[in-house]
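Number of protein chains: 2
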Amino acid sequence: MEIITDIMSLRVRLQRESSIAFVPTMGNLHAGHLSLVQIARQHAACTVVSIFVNRLQFAPHEDFDRYPRTQENDCRLLKESGADIVFLPDEKTLYPVSQTFQVSLPVMADTLEGACRPGFFRGVATVVLKLFNIVQPQIAVFGQKDFQQLQIIRGMVEQFNLPIEILAGETVRADDGLALSSRNSYLEPKQRQEASQLAWVLQQVKQRVEAGENNFARLEQWAAQRLHERGWKVDYVAVCHQQTLSRATIDDRQYAILGAAWLGQTRLIDNLLFSRP
Amino acid sequence: MEIITDIMSLRVRLQRESSIAFVPTMGNLHAGHLSLVQIARQHAACTVVSIFVNRLQFAPHEDFDRYPRTQENDCRLLKESGADIVFLPDEKTLYPVSQTFQVSLPVMADTLEGACRPGFFRGVATVVLKLFNIVQPQIAVFGQKDFQQLQIIRGMVEQFNLPIEILAGETVRADDGLALSSRNSYLEPKQRQEASQLAWVLQQVKQRVEAGENNFARLEQWAAQRLHERGWKVDYVAVCHQQTLSRATIDDRQYAILGAAWLGQTRLIDNLLFSRP
């Protein structure tokens, strides 16, 4: 496995590859990321993983500085997973000048995560576009855990005519159901025990929708109340149309249930996708 | 020369090319465009020219509907010029859905043309990014006549890490100095005679700056007044720093003098670039 830090060297190195699959990450890798690497390996001759904590997608008050950076361990895990190249740019490499050209997004980016974290998706889309142009993969793999992000990247690829196929990796969960996330490492032991409640609540909402419940607002309220009572600060629990991420109606077939909530200083997100006949 | 109208066919056709140079146009081609084709041909094995009148860069009150469309003649000229492929998408091909992902631009895009035509450069940058992703050229050629556009495209390529080299073609002028433009065809004979005054006035400003004149505001005023007296409606005459297009200072070395003004219903733009030791 090669570790490459500058753009020119990466471009030269990738010229000799017939097909490239790309997994962009912010590091602090867990089994979720590694499952994306496996998908990548199945779809191209060369798997490139980038590790870059992207300041552009953090608001000033957010956890950019304390975001876990575990580069050495990440590289060890990637080597074991069979990644071919790790792209490890520093900030001056990706942002040599102030990033004044950015991606502006549809209203879908203003709901849910976008409403809670203004500018977040603009920062994500901009760095992903840059990384796509640097790596020029045929395939890129994103985790379904960040489902709204996945849908925004899909939309960007389609509307900007990027010659890239986006693949989604299913959310990898701990035994108790908690979706794996780099931010789980912030949780204290008692919080970690409580954390699986987010997935459990979304699962309850899903089962009730599948069973024919049509009052989605009441379900959302129930879920938020349940988490609130257990000490969570809830940003949202939302029953949405899977494609548009606007609030679902009873005529929809494909649903996404998305949730975001705080345990102490740690913000967790999760989602479930399903269809109703 | 091949004429290709759909994206998939173009991608398949271009796969066998070792190097591609691209000239995006809105058609109604003149010697200025054809000079860009010559530059393209010198830099790659395959020259692709696109013709697409891009609704996204026209404001509702602007001349999208009456913009001259001369496809047959354009294709004839391109064949004579040695272009290899003409990409002729229709609106549904480039905008199958509402273009909700767009390029957001730095403040440089809000001055001069951007101030007179809000949204213009956003529309230009968005369609150019799409075309770049469709054609995937190594080289793209733009006319220096649209100098602010050229600088914005250069900035976008740099900041989005597009693997494309941007080349500029010098402004081609009629014998009397008028910069060639598709919009010149709107001019009535008397207006056409007057039109060269825009270039003449910019030339005067340039000569005075070169001669050491440092009161740029006074020069701008003089130029605008001169055009106004001859019946023009002046949008701006501006002495600018060539890289940033902010107003020039006497410490600058490289200048751009840019002008935009109306003759009747026709808006003309022009510019001159030069250095002062």
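Going line by line, the protein sequences match chains P and S. Quick note on the numbering used here: the first sequence kicks off at 4 and runs consecutively. Quick note on the numbering used here: the second sequence kicks off at 4 and runs consecutively. The C-beta atom is built at its ideal place from N, Cα and C for all residues, glycine as well.
Closest Cβ-Cβ distance between Asn57/S and chain P: below 7 Å?
no
Using a 10 Å radius around the Cβ and a threshold of 16 neighbouring Cβ atoms, would you call Thr129/S buried or exposed?
buried
Please confirm whether Thr269/S has its beta-carbon closer than 7 Å to some beta-carbon of chain P.
no
Exposure of Lys148/S, with buried meaning 16 or more beta-carbon neighbours within 10 Å:
buried
Contacts that Arg14/S makes with chain P (C-beta to C-beta distance below 9 Å)
Pro166
Length of the line joining the Cα atoms of Asp66/S and Arg120/S
12 Å
Could you tell me which whole alpha helix (DSSP H) segments of length 4 or greater appear in the stretch 109-160 of chain S?
116-119, 123-138
Whole-angstrom distance between Ser278/S and Thr252/S, CA atom to CA atom
13 Å
What are the boundary residues of the beta strand (DSSP E) that Asp238/P is part of?
236-244
Proximal residues of chain S, C-beta to C-beta of Met159/P below 7 Å
Phe104
For a contact defined as C-beta to C-beta under 8 Å, what are the partners of Pro109/P on chain S?
Thr103, Phe104
Contact check, Trp225/P vs Ala264/P, beta carbons under 7 Å
no
Suppose you measure from the CA of Glu223/S to the CA of Ala241/S; what does that come to, to the nearest Å?
6 Å
Starting from Phe219/S, trace the alpha helix (DSSP H) both ways and give me its first and last residue.
219-232
Just the C-alpha distance for Leu81/S and Pro71/S, rounded to the nearest angstrom, thanks.
17 Å
Do the stretch 28-36 of chain S and the stretch 265-276 of chain P meet, that is, are 3 or more Cβ pairs less than 8 Å apart?
no
Rounding to the nearest angstrom, what Cα-Cα distance links Gln206/P and Ile155/P in this structure?
24 Å
Same chain, Cβ closer than 8 Å to Glu216/S, five either side skipped, listed in chain order:
Leu222
Which residue comes first and which comes last in the alpha helix (DSSP H) that contains Ile10/P?
10-17
Counting pairs of beta carbons, one from the stretch 105-125 of chain S and one from the stretch 112-119 of chain P, are three or more of them closer than 8 Å?
no
Report the neighbours of Asn136/S on chain P: residues whose CB is nearer than 7 Å to its CB, in chain order.
Phe163, Asn164, Leu165, Pro166
Just confirm the distance between the C-beta atoms of Ile23/S and Val131/S, as a whole number of angstroms; I'd bet it's less than 8 Å.
Actually they are not in contact, since the Cβ atoms of Ile23/S and Val131/S sit about 15 Å apart, beyond 8 Å.
Within 10 angstroms of its Cβ, does Arg233/P collect 16 or more other Cβ (buried), or is it exposed?
exposed
Which residues share a DSSP beta bridge with Asn274/S?
Leu261/S
Starting from Ser184/P, trace the beta strand (DSSP E) both ways and give me its first and last residue.
No beta strand (DSSP E) holds Ser184/P; DSSP gives it neither H nor E.
Among Val237/P, Arg69/P, Gly158/P, Tyr98/P, whose alpha-carbon lies nearest the alpha-carbon of Leu170/P?
Gly158/P
Give me the chain S residues within the contact set of Gln139/P, using Cβ-Cβ distance strictly less than 8 Å, ordered along the chain.
Pro166
Using the rule of at least 16 other Cβ atoms within 10 Å of the residue's Cβ for burial, across every protein chain shown, is Ile6/S buried or exposed?
exposed
Report the three-state DSSP secondary structure of Ser38/P (helix, strand or coil).
helix
Between Asp87/P and Met4/P, how many whole angstroms is the CB-CB distance? I'm expecting something under 8 Å.
6 Å
Extent of the continuous beta strand (DSSP E) run through Ala48/P:
Unbroken run through Ala48/P: none, as it is neither H nor E.
9 Å Cβ cut-off: residues of chain P touching Ile10/S
Asn164
Report the rounded CA-to-CA distance for Tyr258/S versus Phe150/S, giving the unit in angstroms.
12 Å
Distance between Pro63/S and Gln268/S (C-alpha atoms, nearest Å)
15 Å
State the CB to CB distance for the pair Pro166/S and Arg14/P, rounded to an integer number of angstroms; the pair is presumed to be in contact (CB under 8 Å).
7 Å
Which complete alpha helix (DSSP H) runs does the stretch 46-96 of chain P hold, if anything under 4 residues is left out?
74-84
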